[in-house]
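Notes for the one structure printed next.
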Amino acid sequence: MNSMQVIPSHFATRFSITLAEDDDTRNKCLAFRQRIREVSHSQDCVRNLATLYDQHGVYLMVTDNATGEIVAMMKVLTSEQAITTNGFEAETCFDLSALLTDRTACMELDQPYILAGYEPGMILQMMYIALRGLVIHSRCEGFFTRISLPLYGGDRFVQTLVHSLSQSRFALPAELVKPRVRLRGTDAQLTNDIVLPAVLRSFLQLGARVCSEPYWDAELGTAEILLWFEVDCLRGLEDPDLDAVPAGHVHFASADSGSGEQQSGMNGY
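Numbering (the working numbering), first residue to last: 166 to 434.
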């Protein structure tokens with residue numbers, strides 16, 4: 166794939182987006198990812214965590230036109246590239262055998278890295294619009310991504326969050342995908358009222374559905390969950406309903422009871 170600029174017209178004056186797999190774009194994206202990791206994690210995690218998958222992905226890079234600075238990146242692994250790497254990267258964390266019944270009809274979008282100060286919902290919206298052509302051209306039926314959740318709120322927060330989502334319309338109806346390393350169990354008293362982290366909220370606004378139990382990344386001190394998107398989520402994305410999932414405290418109705426009550430409260434983080 167040659168490097169190409171793909172950008173929704175109403176964002177074009179502020180941002181440029183490059184979707185490419187050339188060495189220059191890859192190296193810039195990996196350097197940016199490393200910088201974000203160094204800021205986000207402890208000194209034990211500042212080493213370069215480049216992997217085999219990094220050499221075979223397609224990279225989406227967002228640049229702020231005013232500063233010329235990279236402000237976000239995401240790596241994409243198609244089903245064809247996953248053959249070369251002997252599987253998707255998420256399979257190092259999750260058993261995807263039940264989810265991927267047809268491995269040729271899906272692709273993996275690695276978790277996005279977004280510079281602090283830029284609104285995640287707007288950046289993710291741009292990224293997914295830019296990826297629409299690639300996803301549809303590949304005849305993909307769905308795609309999945311991982312997101313990391315910090316554990317500074319404790320295991321109890323993540324377990325409560327995933328439990329609440331799994332009982333709501335924001336989860337796949339099938340059994341949740343099993344992680345290869347489970348997050349430690351807690352004695353949390355589970356509740357249906359929870360504060361949504363900002364990036365997770367943005368994904369849910371774009372149509373994502375939670376499809377896994379949390380994976381425990383002991384090295385980074387985070388939990389990871391897997392999100393699934395039907396390809397139809399990309400259609401009509403230029404005007405998404407950004408009020409569909411409110412900020413702050415959300416009361417999750419059960420999957421059988423419709424949308425249920427949702428109320429705004431504290432801002433998500």
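Every residue, glycine too, gets a C-beta built ideally from N, C-alpha and C.
In this text, all values refer to a predicted model and were calculated from it rather than measured experimentally.
Neighbourhood of residue i by C-beta distance below 7 Å, restricted to the same chain and skipping five residues each side
i: Pro315; result: Thr387
i: Leu365; result: Ile312
i: Ala255; result: Leu261, Glu273, Phe309, Arg311 and Leu391
i: Met239; result: Leu225, Leu274, Asp275, Pro277 and Met292
i: Val204; result: none
Simplified DSSP assignment, three categories, for residue i
i: Val204; result: helix
i: Ser181; result: strand
i: Phe188; result: According to the sequence displayed, residue 188 carries Asp and not Phe. Asp188 falls in the helix class under three-state DSSP.
i: Leu348; result: coil
i: Leu264; result: coil
i: Phe322; result: helix
i: Gly286; result: helix
i: Ile311; result: Residue identity check: residue 311 is Arg in the sequence provided, not Ile. Three-state result, Arg311: strand.
i: Ala231; result: coil
i: Asp275; result: coil
i: Tyr293; result: helix
i: Ala373; result: coil
i: Glu270; result: Reading the sequence as shown, one finds Ala at residue 270 and not Glu. Ala270 falls in the helix class under three-state DSSP.
i: Arg198; result: helix
i: Ala336; result: strand
Beta-carbon proximity list for residue i, same chain, < 8 Å, skipping 5 on both sides
i: Gly307; result: Ala270, Cys271, Trp393, Phe394, Glu395 and Val396
i: Thr228; result: Phe180, Ser181, Ile182, Thr183, Glu234, Ile235 and Val236
i: Gly423; result: Here Gly423 scores only 39 on pLDDT, less than 50, and its place in the model is too uncertain to base an answer on.
i: Ser244; result: Arg268, Thr269, Ala270, Cys271, Met272, Ser303 and Cys305
i: Val300; result: Met272, Phe308, Val396 and Leu399
i: Ala263; result: Ala339, Glu340 and Val342
i: Cys376; result: Leu264, Phe309, Ala336, Leu337, Ala339, Leu341, Val342, Leu391, Leu392 and Trp393
Residue range of the beta strand (DSSP E) that includes residue i
i: Val241; result: Ile235 to Leu242
i: Phe394; result: Thr387 to Glu395
i: Cys258; result: Run containing Cys258: none; DSSP gives neither H nor E here.
i: Cys305; result: Looking at the DSSP string, Cys305 is not in any beta strand (DSSP E), and its letter there is neither H nor E.
i: Asp219; result: Taken as a continuous stretch (DSSP letters only), Asp219 belongs to no beta strand (DSSP E), as it is neither H nor E.
i: Tyr317; result: Premise fails: Tyr317 is in no beta strand (DSSP E) and is neither H nor E.
Alpha-carbon spacing of residue i relative to residue j, whole angstroms
i: Val342; j: Tyr380; result: 10 Å
i: Leu195; j: Leu326; result: 30 Å
i: Phe197; j: Pro277; result: 11 Å
i: Leu371; j: Met292; result: 11 Å
i: Leu348; j: Ala383; result: 9 Å
i: Tyr218; j: Arg321; result: 32 Å
i: Thr178; j: Thr232; result: 12 Å
i: Thr257; j: Asn230; result: 36 Å
i: His328; j: Thr190; result: 38 Å
i: Phe253; j: Thr266; result: 14 Å
i: Thr249; j: Asp275; result: 17 Å
i: Arg202; j: Ser331; result: 28 Å
i: Gln199; j: Ala281; result: 14 Å
i: Val323; j: Lys193; result: 32 Å
i: Ile279; j: Val346; result: 26 Å
i: Thr216; j: Pro344; result: 20 Å
i: Gln290; j: Tyr317; result: 27 Å
i: Glu378; j: Glu389; result: 8 Å
i: Phe259; j: Asn251; result: 15 Å
Cβ shell of residue i (< 6 Å), same chain only, five flanking positions each side left out
i: Gln435; result: Examination of residue 435 is not possible in this model, given that the chain is present from 166 through 434 alone.
i: Ala373; result: Leu392 and Phe394
Start and end residues, alpha helix (DSSP H) containing residue i
i: Leu365; result: Ala363 to Gln370
Pairs of beta-carbons, one from the region 337-345 and one from the region 288-302, closer than 8 Å: are there three or more?
No, the region 337-345 is not in contact with the region 288-302.
Counting Cβ pairs closer than 8 Å, one from the region 221-229 and one from the region 183-195, do we hit at least three?
The way I'd put it, the region 221-229 does touch the region 183-195; three or more beta-carbon pairs between them come closer than 8 Å.
Given 8 Å, three or more beta-carbon pairs between the region 284-291 and the region 365-383:
Yes, since at least three Cβ pairs between the region 284-291 and the region 365-383 fall closer than 8 Å, the two stretches touch.
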